[in-house]
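Data block below; observations after.
Residue numbers (our numbering): 6 to 155.
Right, dumping it as structure tokens:
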């Protein structure tokens, strides 16, 4: 295949290595980036709000954070609140789930966000609502093999 060369050495019949910058291909010759177009990577923001600040946080997150996230290729799938009521004297836990187009979408979002001073400023300003926050990345069980085969 174009951009690939046969590996040399005993015990390596039929193995192929790639030239730098060429796309890896599956056994059918399809470039992985096309093969994984339907794979979703999820970014999950979990935020424990300060007592009585759950609704304020969600309003600010959707109004001020979400538009920039969309520009970075993120698609908001859902925002859930636990417990399912706005607490006044206790904390709510807010979980926002974003979807990205595979590993390439995750990397694009990551690199755009790392250099974006507006993201850092937003989270610094959001500290008035937040006790703690975490961000995790996940994928559907059925997609793990394809995502791990790089």
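No residue lacks a Cβ here, since even glycine has one placed at the ideal position from N, Cα and C.
With residue 83 as the anchor, note down where its alpha helix (DSSP H) starts and where it stops. For residue 83, no alpha helix (DSSP H) run applies; the uninterrupted beta strand (DSSP E) run containing it begins and ends at 80-87, by DSSP.
Is residue 99 near residue 62, with beta carbons less than 8 Å apart? Annotated as proximal: residue 99 and residue 62, with beta-carbon spacing under 8 Å.
With C-beta atoms as the reference, is residue 51 less than 8 Å away from residue 115? The Cβ atoms of residue 51 and residue 115 lie no closer than 8 Å to each other.
Let me check understanding here. Comparing Cα to Cα, which of 57, 79 and 56 lies closest to residue 67? Residue 79 is the option with its Cα nearest to residue 67.
Measure the alpha-carbon distance for residue 64 versus residue 123 and round it to whole angstroms. Going from the Cα of residue 64 to the Cα of residue 123 covers about 18 Å.
So residue 142 packs on residue 112, CB below 8 Å; how close in whole Å? Not confirmed; about 11 Å, so no contact.
Going by Cα to Cα distance, which pick from 135, 144, 145 and 152 is closest to residue 60? Of the candidates 135, 144, 145 and 152, the one whose C-alpha sits nearest the C-alpha of residue 60 is 135.
C-beta contact flag for residue 103 and residue 97 at 8 Å: No.
Note the first and the last residue of the continuous alpha helix (DSSP H) segment covering residue 115. Per DSSP, residue 115 belongs to the alpha helix (DSSP H) from 107-119.
Under 8 Å between the Cβ atoms of residue 44 and residue 117? Taking 8 Å as the Cβ cut-off, residue 44 and residue 117 do not qualify as a contacting pair.
What would DSSP say about residue 127, mapped onto helix, strand or coil? In this structure, residue 127 counts as helix in the three-state DSSP scheme.
I need the boundaries of the alpha helix (DSSP H) containing residue 71, first residue and last residue. For residue 71, the uninterrupted alpha helix (DSSP H) segment begins and ends at 71-76.
Residue 45 - containing beta strand (DSSP E), residue span: For residue 45, the enclosing beta strand (DSSP E) has its first and last residue at 45-54.
Return the chain-ordered list of same chain residues with a C-beta closer than 6 Å to the C-beta of residue 148, the five sequence neighbours on each side being excluded. Spatial neighbours of residue 148 in its own chain (CB-CB distance under 6 Å, excluding positions within 5 residues in sequence) are listed in chain order as 44.
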